[in-house]
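In the numbering used here, the protein residues as written are 239 to 336.
Below, the structure is given as structure tokens:
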């Protein structure tokens with residue numbers, strides 16, 4: 239009986255640790271801030287950040303032609319869109335109107 243109780247207590251403790259760890263990871267992910275960066279007309283070179291919370295003017299997420307802005311989950315961008323994609327930093331993009 240003592241052996242069974244020890245196993246159950248150990249299981250409950252392990253479950254508590256796992257649940258606590260997962261809860262903190264979810265809280266961290268909710269605090270992630272996305273940043274928009276302008277993309278050069280070549281469609282790959284990141285040329286600078288924008289202060290806007292979303293793309294504006296002729297560059298928006300509904301367009302499907304040339305890439306003009308990219309949304310990243312980091313404040314410091316790599317040099318190119320290709321590098322950002324390889325690092326899994328891209329959370330969205332916007333395109334110029336034709």
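Don't be surprised by glycine CBs; every beta carbon is placed ideally from N, CA and C.
Annotation: residue 276 is outside any alpha helix (DSSP H); the continuous beta strand (DSSP E) that includes it extends over 273-277.
Within the model, the alpha-carbon separation for residue 241 versus residue 324 is close to 50 Å.
When the alpha-carbon of residue 319 is set against those of 284, 313 and 334, the nearest one is in 284.
The beta carbons of residue 332 and residue 304 sit about 10 Å from each other, so the pair does not count as a contact at 8 Å.
When the Cα atoms are used, residue 288 and residue 254 turn out to be separated by approximately 43 Å.
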